[in-house]
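Residue numbers (the UniProt record's numbering): 1 to 107.
Virtual Cβ for every residue (Gly too), placed ideally from N, Cα, C.
First up is the structure itself, then whatever we jot down about it.
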């Protein structure tokens, strides 16, 4: 299939007086258009919007929360323990084993 490419509604241009007719650009140029055009699949599924229920009640304002005065008490201490590297590795191995077992049982 052959089509001609030219702006729609464009007036025909007169030939330029200084350029010979052979070197004048063509008014319309031929362009090849494929015979079969395959539409692209949508990037995301289409969304169907449903109308929301409307209410005639006036909008409500949220309740105000009570103001809690700041205290100067220090936060509770964080407790720490020290364990050896071998105990830490053993705990990591046990956790991995339990996670794997749970995954198998969940199937």
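Using the Cα positions of residue i and residue j, report the straight-line distance between them to the nearest angstrom.
i, j, result
"residue 89", "residue 64", "50 Å"
"residue 87", "residue 95", "12 Å"
"residue 106", "residue 66", "45 Å"
"residue 74", "residue 80", "18 Å"
"residue 85", "residue 103", "27 Å"
"residue 97", "residue 78", "29 Å"
First and last residue of the alpha helix (DSSP H) that includes residue i?
i, result
"residue 106", "85-106"
Looking at chain E, is there any beta carbon in it that lies within less than 7 Å of the beta carbon of residue i?
i, result
"residue 106", "This model lacks chain E altogether, as it is built from one protein chain only."
Leaving out the 5 sequence neighbours to the left and right, which residues in its chain are closer than 8 Å to residue i when beta-carbon positions are compared?
i, result
"residue 99", "none"
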